[in-house]
Amino acid sequence: MKYEITKSIAPSMPKLGKGTECFKLLLSQTSQDMHAPLLPMLSPVIGTKISQAEFQYPSGQWFEMCGQQAALIADSAGNKGQLGLLVEACNRDFRQQDTEELKKYLDYQKTCKKRSQSKDRPEEVFPLLRFLPADTTKPGYLKAQMACQEHGGLTTYIDLKEIEQLDNLCGSHKQVTQMLRLMWDREVYNALRATVDGITGSALLRTNLTVSTTPVRARQFFKYNLYDGTLGRMVFSYKARGNRDGKIPRIGKFNEEFYGQLDVYLARLDNCKGRYVIKPLNKLIERLAYDIAELGDLTDNDSLWDMGKRSLISAWKAGCILWALNNQTWTRPMSDVVEWLVYHDMWSKYQVLGDMLKEGDTSTAEASKAAPANMLDDIKGNSFTEQQLEALRLESGKSKDGTKRQLRVWVHRGLITLNEQTGVYTKTEAYLKRNA
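Below is the structure:
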């Protein structure tokens, strides 16, 4: 494993090299302190441009680039607003198209009012909207999804400045997490109403979503949905509070030269049609899946493993987008970005919600202290006994019953060896070199 997520310091963002030029171009318009927090947010924003294309995951399942969800989490005045600048830059075409569609729809509504009792009343045609307003209601959202389905299965995009705005979209807070899971899974939402003005139909949910919020709001929102899969589906990108340096962050110029370069990359996404298998990316995901399983064993943490499986899929989708942006070729720097995205997501979740995942104190200040601990690292020295691990487990709030199983798993993975005569376990050279 290249990255350490059991510490309070964020995994270092890799250098954006060959194949990641589009992401580098977008981040060049933001302040330096926002490069790492904003990198995980880019995939849902520009992934909306890809339609009528499927990519094969190592499991054999085919995925579209819809369903991506990401939350930018930072304290108040933490420069989260810079995400909005990138969102608008990438969706200029959607803005223009949606404005024209809404104008036509308003004209239609005026005509309907004039001819409410006339046989000449035109049939309703809901506008084709791609960049949905943050205050979109649930009926409006479902109608937009139906319109996108009729036009070839297009994806809509929503950018929320506050996580509470999800309540409008989903009807009530009780339905929020259900709708988020349906979006991520690209499921059908069946709407049947008995009123004249109600909605009747089936909407296939193709939506990408980004949201900006604070740690306190994120904790309140996910407090009762830590274990139903909602948390794992949404990528977290956490920016810790910085030093009081008194420097005002500098943003880019967003000039015509920038837009000209950006449009070249976005056109590649729009032209990406068909079915694809990206072998080097899938090989990377296979290796990362093994690493996440090993991390789960080192920490003896089932929640970490459960979330890690979905972090892999989210990072894999980002890799598919990078591949399309890079003229459908793969490079090593792209692999570095995908790997970092997996670990940065899990690190962010434990920094914000770690104590809640451990069912401990719910104060924000204690969250990062509850990050999963690498027990093998916490054992002092290179050799230890079963009793030492048992004591460490009890100190960490785990039962001693799982000690023998944990030792068997570590031996099987080649992390430690057992001296049958003395009963002493020793960390292997391969494990020590990896952590050197």
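Here my numbering is used: the sequence shown runs in plain steps of one and ends on residue 444. Cβ coordinates follow ideal geometry from the N, Cα and C atoms, glycine included.
- Threonine 222 and glutamate 170 have their C-alpha atoms spaced approximately 9 Å apart.
- Collapsing the DSSP output to three states places leucine 140 in a strand.
- The DSSP assignment places 424-427 as complete runs of the beta strand (DSSP E) inside the region 348-432, in order along the chain (cut-off: 3 residues).
- In the three-state reduction of the DSSP assignment, alanine 155 falls in the helix class, which pools H, G and I.
- Excluding sequence positions up to five before and after tyrosine 273, its CB lies within less than 6 Å of the CB of Cys30 and Leu333, all in the same chain and listed in chain order.
- In this structure leucine 140 does not touch threonine 163 by the C-beta definition: roughly 11 Å separates them, more than the 8 Å allowed.
- Contact check between the region 45-64 and the region 256-263: fewer than three CB pairs, one atom from each, fall below 8 Å, which does not count as touching.
- Annotation: asparagine 382 to alanine 226 spans about 26 Å, alpha carbon to alpha carbon.
- By a beta-carbon distance limit of 8 Å, glycine 422 contacts threonine 436. Their separation comes to about 6 Å.
- In the DSSP secondary-structure assignment, threonine 434 is bridged to Ser391 and Thr425.
- Burial check for tryptophan 331: the Cβ neighbour count within 10 Å reaches 16 or more, so the residue is buried.
- By DSSP's assignment, leucine 168 forms a beta bridge with Val219.
- Within the region 273-357, the complete alpha helix (DSSP H) runs of at least 4 residues fall at 287-307 and 310-333.
- Nearest neighbour of arginine 241 by Cα position, chosen from Ile329, Phe230 and Ala438, turns out to be Phe230.
- Excluding the 5 residues flanking it on each side, tyrosine 11 has same chain C-beta neighbours closer than 6 Å at Pro19 and Tyr351, in chain order.
- In the three-state DSSP reduction, valine 53 falls in the helix class (H, G or I).
- In the displayed model, valine 95 falls within a helix according to three-state DSSP.
- For phenylalanine 244, there is no enclosing alpha helix (DSSP H); the residue is found in the beta strand (DSSP E) stretching over 242-247.
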